[in-house]
């Protein structure tokens, strides 16, 4: 299932995440809200934080699994 | 570089604020595009919109130019600000207004209007 795949990719990219969730917003398996809290974001601009998330999800973004993606990032202390 | 990507590039560098969106400001075709548009409107920003649904090649070429994988995309003075979530977050925190003032000048809302440009025709921008 797409949610599990996205969560797996995010866990892989943010092994030290303090918060990580993937929500299927519409139940259709292609509109997602992802929330990631990680010390990796500390000191980065929002743009760079979102770039890291987009990078982690590059494959499902490219292959059409993700039709719509909403991202919430939170920089947390290590 | 293709002609289309050159036109995309020149819209990005020539226009103060560019919103690549699905649909147009009058006829928004996607919730995220609408959120980015509303965030910009709330700051009274001049918005130059490009409808990426006009042709699939626009989205592809834009992605190559910007390195950002999703739509919408907001640029201020040639620089990528982000997608809908970032634009909305920056609007809510007041940072978007500060960014616009810094890049476009404190009176950026003077005469600000919305327009749509067509990157498919050579007459654009």
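Protein chains in written order, with my numbering: chain A, 666 to 743; chain B, -15 to 109.
Heads up, the beta-carbon is just placed ideally off N, CA and C, and yes, glycines get one too.
For clarity, every value in this text was computed on a predicted model and none was experimentally measured.
Proximal chain B residues relative to residue i, where beta-carbon distance stays under 8 Å
i, result
"residue 723/A", "53"
"residue 688/A", "Under the 8 Å cutoff, chain B gives no residues; its nearest Cβ is about 14 Å from residue 688/A."
"residue 726/A", "53, 54"
"residue 672/A", "In chain order: nothing, as chain B lies at least about 19 Å away."
Straight-line Cα distance separating residue j from residue i
i, j, result
"residue 10/B", "residue 680/A", "43 Å"
"residue 715/A", "residue 740/A", "11 Å"
"residue 683/A", "residue 707/A", "12 Å"
"residue 763/A", "residue 85/B", "The question about residue 763/A has no answer, for chain A in this structure spans 666 to 743."
"residue 696/A", "residue 667/A", "10 Å"
"residue 676/A", "residue 96/B", "44 Å"
"residue 712/A", "residue -4/B", "17 Å"
"residue 27/B", "residue 91/B", "11 Å"
"residue 688/A", "residue 15/B", "17 Å"
"residue 55/B", "residue 4/B", "7 Å"
"residue 40/B", "residue 51/B", "16 Å"
"residue 29/B", "residue 103/B", "21 Å"
7 Å Cβ shell around residue i - same chain, five flanking residues per side excluded
i, result
"residue 13/B", "6, 7, 37"
8 Å contact criterion, which residue i and residue j should meet: CB distance rounded
i, j, result
"residue 71/B", "residue 23/B", "5 Å"
"residue -8/B", "residue 45/B", "6 Å"
"residue 671/A", "residue 701/A", "Not really, about 11 Å apart at Cβ, beyond 8 Å."
Same chain, Cβ closer than 6 Å to residue i, neighbours up to 5 away in sequence not counted
i, result
"residue 61/B", "87"
"residue 25/B", "none"
"residue 733/A", "696"
"residue 694/A", "667"
Chain-order list of residues whose beta-carbon lies under 8 Å from that of residue i (same chain, five-residue window excluded)
i, result
"residue 53/B", "47"
"residue 74/B", "23, 65, 66, 80, 83"
Buried versus exposed, by CB contacts within 10 Å (16 or more), residue i
i, result
"residue 66/B", "buried"
"residue 723/A", "exposed"
"residue 69/B", "buried"
"residue 20/B", "buried"
"residue 735/A", "buried"
"residue 63/B", "exposed"
Chain A contact residues for residue i, given Cβ-Cβ distances below 8 Å
i, result
"residue 7/B", "What residue 7/B touches in chain A: nothing, since even the nearest Cβ is about 14 Å away."
Interface residues of chain B facing residue i [CB-CB closer than 9 Å]
i, result
"residue 684/A", "The contacting residues do not exist; residue 684/A stays about 16 Å from chain B at best."
Closer than 8 Å at the beta carbon, the chain C residues around residue i
i, result
"residue 64/B", "The structure shown has no chain C; the protein chains it does contain are A and B."
Under 9 Å from the C-beta of residue i: neighbouring residues of chain A
i, result
"residue 73/B", "711, 737"
"residue 91/B", "Under the 9 Å cutoff, chain A gives no residues; its nearest Cβ is about 26 Å from residue 91/B."
Proximity test, residue i beta-carbon vs the ligand NAP heavy atom, cut-off 7 Å
i, result
"residue 732/A", "Because no ligand of any kind appears in the structure shown, any question about the ligand NAP cannot be addressed here."
Interface residues of chain B facing residue i [CB-CB closer than 7 Å]
i, result
"residue 675/A", "Within 7 Å Cβ-Cβ: nothing; residue 675/A doesn't reach chain B, min ~15 Å."
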